[in-house]
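Student: Keeping their order, the protein sequence lines are chains G and U.
Residues in the first sequence are numbered from 1 upward in steps of one, following the working numbering.
Residues in the second sequence are numbered from 1 upward in steps of one, following the working numbering.
If you scroll down you'll find the structure; I have some questions about it.
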Amino acid sequence: MSATEPVLEVTDLTTRFTTPDGVVHAVNGVSFDLNAGEFLGVVGESGSGKSVTMMSLLRLIPMPPGEIVAGSAMFGGQDLLDIPGDKLRRVRGGEIGFIFQDPMTSLNPVLTVGRQISESLMLHTGIAKKEASATSAELLTMVGIPDAMDRLNSYPHEMSGGMRQRVMIAIALACSPKVIIADEPTTALDVTVQAQIIEIVRGLREQLGTAVIWITHDLGVVAGLADRVLVMYGGRIVEEARVHDLYNTPEHPYTQGLLQSIPRLDQKGSQLLSIKGQPPSLYQEPSYCSFAPRCPHVFERCENEIPHLTEVAPEHRVACWWDTAKGEPRDV
Amino acid sequence: MSEPRSDQPTSDEPMAEVSTAADSTVTAPTDKPLVSVRDLKKHFPIMQGVFRRQVGAVKAVDGISFDIYRGETLGLVGESGSGKSTAGRAVLRLESLTAGTIFFDDEELSAMTPMNVRPLRPRMQMVFQNPHASLNPRMTVSSIIGEPLVEHKAFPRGQARIDRIDELLKLVGLDPTHANRYPHEFSGGQRQRIGIARAIALNPDFIVCDEPIAALDVSIQAQVVNLLEKLQQTLKLSYLFISHDMSMVRHIADRVAVMYLGRLVELAEVDDLYDSPKHPYTRALHSAVPVPDPEVEEARTRVILEGDIPSPANPPSGCPFHTRCPVAEPQCAHDEPEWREIESGHWVACHFADRPGW
């Protein structure tokens, strides 16, 4: 995978929000690559900056109060953070598709499903209405909606949560994007419906070869889907690895703590090792490792310097001053 | 106050016997259940028209039977709309009942007037899902936790109450010096601890935990579950743990009941239910839950159910699951499966639960 050219290169992305209570440092220097056809999982808790990072890429955060302070996002030879609005609109929904968490609020309730899919098609590919509705029906069939022709005339409220999320996927796929960003697409769904959606995404991915960024708080969901996983904490990437390496040999104390604190369906109940303390406040400009107050291995350096991502194994990078494998401070 | 109630016999081994309304003369268990629910129904009327005539009913809970023994945790799992929360509320008489009986430690809860239930309230409590909505934002933590103490005249005034509040806060892992703060000054996990302190304030025997961790971050969920387990040990509590998180239920529960469209489809000891599920719905649920291990995920075979859970206002005939069941037979569409004990302590409602190979 490393031999392929990245389709998206994000460097040093920094996003802040100015609120009456102070400045929220939501994303603090995030850099990552997305390779063509790759499935990238982004794992983090609420407030870790995972959604804001991806929204910032397409400048979908409300500005103000949001502000992209620094960074670049190279996509197809242009910097998404720098191109004019009309060019960006061609990328959004065209070359980069977006699937949001809640399909009830992200679909327009007064337009039929067919109209919403065709809209994107006509806008981005310039095809005629009739052709667009035929393509829309094909797309609905592709995401597993039966009687697609009839369903084009349905309104979102006439569909169940799972069906609406399929429509979202169809819209995201409409213009054959190079990249799909899915922000917690199954979190609002029941577990049996989540399984249906995951199965569809898995199938479509093999069929279409689209690169996917899948944002989630559920370490289980990405385990079976992703090629590579980023773990975010306090607005930073703290670990980045291929999926097997991340689950078998997690390096960052936060990743290790998370994996020990979640029970497993296939294993008998043993004591859960919880991570002590609370997620960090984002109101302070970070000047040290934001996991330090909760970290079992914390030492002086952690409280004075922000650790940067260091390669510890091929394609496995971690931002931590402590080498958990050796049990001593890292030599960087 | 953290000692167990002296009148409470302890039992380390939760019994696995359950009976149904039809079959209430099962073998006498060696230990009497603390909570005993038989054929419980809760229907919500659907009103329509100018005269608000009843045109139908949402059968949120439609005939469920189970026991909860002292010191055990009964997990109740199901998808949204399965009626698990309504069942939990009905067991505590927070809902009026449509039919069925509930015994709480020999008292027939279902036959009592609300006024008569009140003296029993200290012994049965609830922890709610959303710690943002279940705490009054205008009350300090000490008045939130102190309210039941005053209301039920356990520690009505003075230093004794303040001491009790201190003790409760320590018990749930909060700093007693924060007693005069307001809920918004706490994080989600801390707020859930406040809700738990309120629930245990009057030394209850039984707590219904309704999705207590669903609103919390992953790293905080384990903290709260560990706290619930610790309190169960020290205070000899019995829990009805309602959740959609199958993995967490496996961790915390002694026995587990699976609910679908207002009915129980399976109930068994936790390892039995997870290692050898008998009902096709339980199997499908299991296979739908992702495991945080790429090797396991790659090797798994999945049962993917079709469609969504049907409306409880108009449930399917026969077996409520037959519309989505991967092994349904014509019979399932009209014959309601009997709730039967297929192995000792393992209850299931499926015509074909003992069919070999499935």
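Ideal placement from N, C-alpha and C gives every residue a C-beta, glycine not left out.
If you're wondering where the values come from, they're calculated on a predicted model, not measured in any experiment.
Which class does residue 242 of chain G belong to by DSSP, given the choice of helix, strand or coil?
Tutor: Mapped onto the first sequence, residue 242 of chain G falls at position 242. Strand, per DSSP.
Student: Helix, strand or coil: how does DSSP classify residue 346 of chain U here?
Tutor: Within the second sequence, residue 346 of chain U is the residue found at index 346, counting from 1. Of the three classes helix, strand and coil, the one that applies to residue 346 of chain U here is strand, per DSSP.
Student: Note down, in chain order, every chain G residue with its Cβ under 7 Å from the Cβ of residue 297 of chain U.
Tutor: Taking the first residue of the second sequence as 1, we reach residue 297 of chain U at position 297. Residues of chain G passing the Cβ test: 223, 224.
Student: Look at residue 135 of chain G and residue 179 of chain G and say whether their C-beta atoms are less than 9 Å apart.
Tutor: Counted from its first residue, the first sequence places residue 135 of chain G at position 135. Counted from its first residue, the first sequence places residue 179 of chain G at position 179. For residue 135 of chain G and residue 179 of chain G, no; Cβs fall outside 9 Å.
Student: Using DSSP bridges, identify the partner residues of residue 26 of chain G.
Tutor: In the first sequence, residue 26 of chain G corresponds to position 26, counting from 1. Bridge partners of residue 26 of chain G: none, in fact.
Student: If we cut at 9 Å on Cβ distances, does residue 247 of chain G have a partner in chain U?
Tutor: Position 247 of the first sequence, counted from the start, is the residue given in the question as residue 247 of chain G. Yes - at least one Cβ of chain U is within 9 Å of the one on residue 247 of chain G.
Student: From the DSSP output, in three-state form, read off residue 247 of chain U for me.
Tutor: Working through the second sequence from its first residue, we reach residue 247 of chain U at position 247. Helix at residue 247 of chain U.
Student: Using the beta-carbon of each residue, which ones in chain G are nearer than 9 Å to residue 269 of chain U?
Tutor: Taking the second sequence and counting its residues from 1, the one referred to as residue 269 of chain U is at position 269. What residue 269 of chain U touches in chain G: nothing, since even the nearest Cβ is about 12 Å away.
Student: Suppose only complete runs of 3+ residues qualify. What are the beta strand (DSSP E) ranges in the segment 116–190 of chain G, listed by chain order?
Tutor: DSSP runs (the beta strand (DSSP E)) wholly in the segment 116–190 of chain G: 179–183.
Student: Would you list, in chain order, the members of the segment 299–326 of chain U that have their beta-carbon closer than 9 Å to a beta-carbon of chain G?
Tutor: From the segment 299–326 of chain U, only 300, 302, 303, 304, 305, 306, 307, 308, 309, 324 have a Cβ closer than 9 Å to chain G.
Student: Would you check if there are 3 or more beta carbon pairs closer than 8 Å linking the segment 271–284 of chain U to the segment 224–234 of chain G?
Tutor: Taking 8 Å as the limit for Cβ pairs, the verdict is that the segment 224–234 of chain G does not touch the segment 271–284 of chain U.
Student: To the nearest angstrom, report how far apart residue 329 of chain U and residue 352 of chain U are at their CA atoms.
Tutor: As a working mapping, residue 329 of chain U is identified with position 329 in the second sequence. As a working mapping, residue 352 of chain U is identified with position 352 in the second sequence. Taking the straight line from one Cα to the other gives about 9 Å.
Student: Taking DSSP's pairing of strands, which residues face residue 210 of chain U in a bridge?
Tutor: Walking along the second sequence from the start, residue 210 of chain U turns up at place 210. Paired residues: U:242.
Student: Under 9 Å, Cβ to Cβ, is there at least one residue of chain U near residue 157 of chain G?
Tutor: The residue you call residue 157 of chain G lines up with position 157 of the first sequence. With 9 Å as the cut-off, residue 157 of chain G does not count as an interface residue toward chain U.
Student: Starting from residue 160 of chain G, find everything on chain U with Cβ-Cβ shorter than 7 Å and list it in chain order.
Tutor: Stepping through the first sequence from its first residue, residue 160 of chain G is reached at position 160. Within chain U, the residues near residue 160 of chain G are 308.
Student: Going by DSSP, which residues form a beta bridge with residue 214 of chain G?
Tutor: On the first sequence, residue 214 of chain G is found 214 positions in, with the first residue counted as 1. G:41, G:182, per the DSSP bridge assignment.
Student: Could you give the C-beta distance for residue 148 of chain U and residue 201 of chain U, rounded to a whole number, given that I count them as a contact under 8 Å?
Tutor: Here residue 148 of chain U refers to the residue found at position 148 when the second sequence is read from its first residue. Here residue 201 of chain U refers to the residue found at position 201 when the second sequence is read from its first residue. Sure, about 5 Å apart at Cβ, within 8 Å.
Student: Compute the distance between the beta-carbons of residue 349 of chain U and residue 340 of chain U, then report whether it is under 9 Å.
Tutor: Residue 349 of chain U sits at position 349 when you count from the first residue of the second sequence. Residue 340 of chain U sits at position 340 when you count from the first residue of the second sequence. Yes, the pair counts as a contact, with Cβ atoms nearer than the cut-off.
Student: Would you report the Cα separation of residue 7 of chain G and residue 76 of chain G, rounded to the nearest angstrom?
Tutor: As a position in the first sequence, residue 7 of chain G is number 7, starting the count at 1. As a position in the first sequence, residue 76 of chain G is number 76, starting the count at 1. Distance between the alpha carbons of residue 7 of chain G and residue 76 of chain G: 7 Å.
Student: So is residue 232 of chain G in contact with chain U if we call contact Cβ pairs under 9 Å?
Tutor: Translated into the one-based positions of the first sequence, residue 232 of chain G becomes position 232. No, its Cβ sits nowhere closer than 9 Å to a Cβ of chain U.
Student: So what does DSSP say about residue 300 of chain G, is it helix, strand or coil?
Tutor: What you label residue 300 of chain G is simply residue 300 of the first sequence in a count that begins at 1. Looking at residue 300 of chain G - three-state DSSP - the assignment turns out to be helix.
Student: Determine, for residue 219 of chain G, whether the minimum Cβ-Cβ distance to residues of chain U falls below 9 Å.
Tutor: Counting from one through the first sequence, the residue named residue 219 of chain G turns up at place 219. Residue 219 of chain G counts as touching chain U.
Student: Could I get the ranges of all uninterrupted alpha helix (DSSP H) runs contained in the segment 137–177 of chain U, with 4 residues as the minimum, in chain order?
Tutor: Entirely contained in the segment 137–177 of chain U, the alpha helix (DSSP H) runs reaching 4 residues are, in chain order, 141–151, 158–171.
Student: Considering only residues of the same chain and omitting the five flanking positions on each side of residue 165 of chain U, which have a CB-CB separation below 7 Å?
Tutor: By one-based count along the second sequence, residue 165 of chain U stands at place 165. Same-chain partners within the cutoff: 142, 145, 146, 179.
Student: Give the interface partners of residue 247 of chain U over in chain G, defined as CB-CB distance under 8 Å, in chain order.
Tutor: Stepping through the second sequence from its first residue, residue 247 of chain U is reached at position 247. The answer, in chain order, is 220, 262, 263, 264, 265.
Student: When DSSP labels each residue in this structure, what does residue 259 of chain G get in the three-state scheme?
Tutor: Working through the first sequence from its first residue, we reach residue 259 of chain G at position 259. Residue 259 of chain G falls in the helix class under three-state DSSP.
Student: Could you work out which residue in U:40, U:321, U:225, U:248 is closest to residue 108 of chain U when comparing CA atoms only?
Tutor: Counting from 1 along the second sequence, the entry for residue 108 of chain U is found at position 108. It is U:40 whose Cα lies nearest to the Cα of residue 108 of chain U.
Student: Distance, Cα to Cα, residue 125 of chain U vs residue 74 of chain U?
Tutor: Locating residue 125 of chain U in the second sequence gives position 125, where the first residue counts as 1. Locating residue 74 of chain U in the second sequence gives position 74, where the first residue counts as 1. Going from the Cα of residue 125 of chain U to the Cα of residue 74 of chain U covers about 15 Å.
Student: Since I believe residue 99 of chain G is in contact with residue 185 of chain G (beta carbons under 8 Å), could you give me their beta-carbon distance rounded to a whole number of angstroms?
Tutor: Translated into positions along the first sequence, residue 185 of chain G becomes position 185. Translated into positions along the first sequence, residue 99 of chain G becomes position 99. Going by Cβ atoms, the distance from residue 185 of chain G to residue 99 of chain G rounds to 5 Å, so yes, they are a contact pair.
Student: Using a Cβ-Cβ cut-off of less than 8 Å, list which residues of the segment 202–228 of chain U approach chain G; keep chain order.
Tutor: Answer in chain order: 217, 218, 219, 220, 221, 222, 223, 225, 226.
Student: Name, please, each residue of chain G whose Cβ falls closer than 8 Å to the Cβ of residue 189 of chain U.
Tutor: Stepping through the second sequence from its first residue, residue 189 of chain U is reached at position 189. In chain order: 278.
Student: Could you check the C-alpha separation between residue 123 of chain G and residue 114 of chain G for me, to the nearest Å?
Tutor: Here residue 123 of chain G corresponds to residue number 123 of the first sequence, with the count starting at 1. Here residue 114 of chain G corresponds to residue number 114 of the first sequence, with the count starting at 1. If you take the alpha carbons of residue 123 of chain G and residue 114 of chain G, they lie about 14 Å apart.
Student: Restricting to runs no shorter than 3 residues, where is the beta strand (DSSP E) found entirely within the segment 216–295 of chain U?
Tutor: Counting only runs of 3 or more, we get 238–243, 255–260, 263–269.
Student: Enumerate in chain order the residues of its own chain whose CB-to-CB distance from residue 99 of chain U is below 7 Å, with the five nearest sequence positions on each side excluded.
Tutor: Taking the first residue of the second sequence as 1, we reach residue 99 of chain U at position 99. For residue 99 of chain U, where only same-chain residues beyond five positions count, the Cβ hits under 7 Å are 39, 41.
Student: Within the same chain, show all residues whose beta-carbon is closer than 8 Å to that of residue 48 of chain G, passing over the 5 residues directly before and after it, in chain order.
Tutor: Stepping through the first sequence from its first residue, residue 48 of chain G is reached at position 48. Once the five neighbours on either side are set aside, the close Cβ partners of residue 48 of chain G are 232, 233, 234, 235, 279.
Student: For residue 28 of chain G, count neighbouring C-beta atoms within 10 Å of its own C-beta (all shown protein chains included) and say buried if the count is 16 or more, exposed if not.
Tutor: Here the question's residue 28 of chain G lines up with position 28 in the first sequence. Residue 28 of chain G is buried by the Cβ-count criterion.
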